[in-house]
Amino acid sequence: MAQPPTEIVKNSESQCFLSNQMIWEHQTGLPSPLLEGQVYRYEGYITNTDQPLYYLGLPRDHIIIVLSFGNTIEFNHLQTKFKSRKYQSVLVGLNTNPLIATLTGTRCCIEVRMHPSIAFRVLEKNPIDLAVGPINLEEIWHTDLCYLTQRLEKSASWQERFDYIDEYLLKKLQTSQRKMRPEIEWAWNQLEAQHGNISIQKLVEQVGWSHRYFNQCFRKYIGITPKLAARRIRFVHAHQLLTENYCDLVTVATTCNYSDQSHLTREFHQFSGFSPATYQNLCLTHPFSVPASLFNQKTNSILINPIVNN
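First residue of the sequence shown? That's 1 in UniProt numbering, and the numbers climb one at a time after it.
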């Protein structure tokens, strides 16, 4: 297993993490203004490791597609019996389970972090089917994906790669016949704005639908129920407070509107596999990696926060 980086080199364009066993380059980019509010940002990575590199991926409040070339990535669910599978490019939807990703050799990828409304239009698949776990992106974009990744591989810079993705997504939007109902897009935006701390009944009343119809439509367009979406978004906020602001558990529980600290602990464990106290301590004491024995993995350590808190 690659050890934590021994040297960090930063410049205005990217971060490079270097050690005897691993090279990790990271670049962040913003989408075209035409995609503002729909695509949150791009995250570019190049990894080159002579031993398997493991990364803990936690649920997020957005949909992620990973466009890549080079070696494949393998995903395992941390808490459920899920047959591991290798992917080149992959979609990570709004499933609830933490994942362990395994990378070996040289791999270049770009994460595209998307609002559910644009995902609904450009992915053109049933969101319910996309919420069950990692999905091979080739099954969705077919030959388009091959053409896109070839262009990304031949690009001379990160910005050129990000521009190609802008171009591709804008073309997909122009030709898509699908559009999310504005009531559902509004409801999701309300959940995001309130960090999940808004009554579903209040959303139902403001939309003017029955509770049952609202739930059905929300799941149809988002892929999960509004209650699960609220829990997921609230977890993301709690995770941010724990790992970026280093708030104590009482403050996190109160700020995120959990009924008490026990409620916070149950929810955090559900989405991460850890209690919040354990997870925060790991981030403080092992800023790059944690003992893999915590995951029952046969390796030395697993990255939980290799570059930035996402």
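Note that beta-carbon positions come from the ideal geometry of N, C-alpha and C, so glycine has one too. Quick caveat, the model's predicted, so the values are computed rather than measured.
Which residues does DSSP list as the beta-bridge partners of residue i?
i      : result
ALA101 : TYR55 and PHE75
GLY44  : GLN27 and ILE110
VAL39  : MET114
Tell me the residue span of the beta strand (DSSP E) that contains residue i.
i      : result
LYS86  : 85-87
VAL132 : It is not in any beta strand (DSSP E) - VAL132 carries neither H nor E in the DSSP assignment.
Straight-line CA distance for residue i to residue j?
i           : j      : result
LEU103      : GLN51  : 9 angstroms
LYS125      : ILE165 : 19 angstroms
LEU191      : ALA277 : 26 angstroms
GLU185      : LEU242 : 28 angstroms
TYR221      : ARG151 : 31 angstroms
ILE100      : LEU78  : 6 angstroms
ARG181      : LEU130 : 18 angstroms
residue 314 : ASN76  : Any property of residue 314 remains undetermined from this structure, which presents the chain solely from 1 to 310.
VAL250      : PHE274 : 17 angstroms
PRO31       : GLU267 : 33 angstroms
VAL204      : GLU43  : 35 angstroms
ARG107      : SER68  : 7 angstroms
VAL66       : GLN194 : 28 angstroms
THR49       : TYR55  : 13 angstroms
TRP209      : ASN215 : 10 angstroms
According to DSSP, simplified to helix, strand and coil, what is residue i?
i           : result
LEU30       : coil
residue 329 : For the chain, the structure presents residues 1 to 310; residue 329 sits outside this window and is missing.
SER155      : coil
THR225      : coil
ASP50       : strand
ARG181      : coil
LEU139      : Sequence check: residue 139 is Glu here, not Leu. Three-state result, GLU139: helix.
ARG161      : helix
ARG60       : coil
TYR258      : coil
ASN245      : coil
ASN281      : helix
ASN215      : helix
Hey, out of the options, whose CA is closest to residue i's CA?
i           : options                           : result
ARG231      : LEU249, TYR221, GLY196 and ASN257 : GLY196
CYS57       : GLU111, PRO33 and LEU34           : Note that residue 57 is Gly in the sequence shown, not Cys. Considering only alpha carbons, the answer is GLU111.
HIS142      : SER89, ALA253 and GLU244          : SER89
LEU169      : VAL207, LEU34, THR28 and GLY29    : LEU34
TYR45       : GLN216, ILE200, MET114 and SER157 : SER157
SER84       : THR175, GLN261, ILE73 and GLY93   : ILE73
ARG121      : PRO98, HIS62, GLN174 and TYR246   : GLN174
PRO98       : THR28, LEU282, VAL132 and ALA119  : VAL132
residue 311 : LEU148, TYR279, SER117 and GLN159 : The structure shown does not extend to residue 311, since the chain spans only 1 to 310, so no value can be given for it.
Going by DSSP, what residue range makes up the alpha helix (DSSP H) through residue i?
i      : result
SER117 : 116-123
PHE69  : Where PHE69 is concerned, there is no enclosing alpha helix (DSSP H), although the beta strand (DSSP E) it sits in stretches over 63-70.
LEU91  : No alpha helix (DSSP H) holds LEU91; the beta strand (DSSP E) holding it covers 90-92.
LYS202 : 200-207
SER262 : 261-272
GLN194 : Here GLN194 belongs to no alpha helix (DSSP H), and DSSP marks it neither H nor E.
LEU249 : 249-255
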